[in-house]
Amino acid sequence: GREEIAQVATISAEDSEVGQLIAQAMEEVGKDGVITVEESKTFGIQKEIVKGLQFDRGYISPYMITDTERMEAIFEDPHILITDKKISSLQDILPVLEKIAQTGKKELVIIADEVEGDALATLVVNKLRGIFNTLAIKSPGFGDRKKEMLEDIAIVTGGQVISEEVGLKLDKIEMGQLGSARKVISTKENTTIIEGKGEKGNIEARISQIKKQIKENESEFDKEKLQERLAKLAGGVAVIK
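Each residue of the sequence shown is one higher than the one before, starting from 392 at the first, in the numbering used here.
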């Protein structure tokens, strides 16, 4: 119950007020919700429940970390490029990097099958020189589920999955095909997308579609995986600061 949660939370936060807030937050976001604790800009502790999506893949390279104390890469209001491709050549993403730079922004989050080779090396060098910050993350899931989870992320962030299956190429990306969010936080193991800028109606339609699939599916394994996706889409993220 809430008391036990409060005790555990109190121990980890070393403060009973924070413990109570975390316990309350856990009830509000549900068992699949996510809670993050941030440094506060004001005195006292506040809690806000925001829409968020978390998946179990973190930054591809530790050079992408922005907060060395917490070992996290934290990107505020970034553009988000979502693709089912491996990115190994810088030429593939140079056009989109240039388009973003022209708008005066210097951040991009990439969620891709893999980011490697000279693409990764150049992104890391640019980050270290302070020219352009990129956070590269591997796509979550495997096989068909990977495709569906990328689509979930695209819907939550208001972007498109750049996939050759639908005739979209990395080097021809338009700004409108990128997703965005208030914040993206990556650790070594996890990524949390906070307040994706996707259309509420599209997210709700996606939730209904998954609920329908759960009803119609015979396989327990598939049902379980669909439930996980549903919880991620419908769950919240509590930000305690």
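The beta carbon of each residue, even a glycine, is placed where N, CA and C say it ideally should be.
Quick one: any contact between the stretch 542 to 556 and the stretch 576 to 592, if contact means 3 or more CB pairs under 8 Å?
yes
Can a CB atom of chain D be found closer than 8 Å to the CB of ALA622?
No chain D appears in this structure, which consists of one protein chain only.
In chain order, which alpha helix (DSSP H) runs of at least 4 residues are fully inside the stretch 470 to 529?
481 to 493 and 508 to 519
Using 10 angstroms around the beta-carbon of VAL552, count the other beta-carbons present and answer buried if the total reaches 16, otherwise exposed.
buried
Alpha carbon to alpha carbon, how far is GLY626 from GLU418? Give it in angstroms, no decimals.
11 Å
Taking LYS537 as the reference, give the member of TYR450, SER452, LEU617 and PRO453 with the closest Cα.
LEU617
Do you know how far the Cα of GLU595 is from the Cα of THR401?
Below a pLDDT of 50, predicted positions are generally treated as unreliable, and THR401, at 49, falls in that range; no measurement from the model is reported.
Please tell me whether SER457 and ALA464 are closer than 8 Å, where the distance is taken between their beta carbons.
Before going on, a small fix: residue 457 reads as Thr here, not Ser. Taking 8 Å as the Cβ cut-off, THR457 and ALA464 qualify as a contacting pair.
Three-pair Cβ contact test at 8 Å for the stretch 476 to 485 versus the stretch 444 to 452
no
Whose CA, out of SER577, LEU412, ARG597 and LYS606, lies closest to the CA of ILE528?
SER577
Between LEU472 and LEU559, is the Cβ-Cβ spacing less than 8 Å?
no
Contacting residues, own chain, Cβ-Cβ under 6 Å from ASP483 (five flanking each side not counted)
LEU561 and ASP562
Quick one: using the 10 Å Cβ neighbour count with 16 as the cut-off for buried, is LEU519 buried or exposed?
exposed
Less than 8 Å between the CB atoms is what I'm expecting for LEU621 and ILE605, so what's the real figure, rounded?
7 Å
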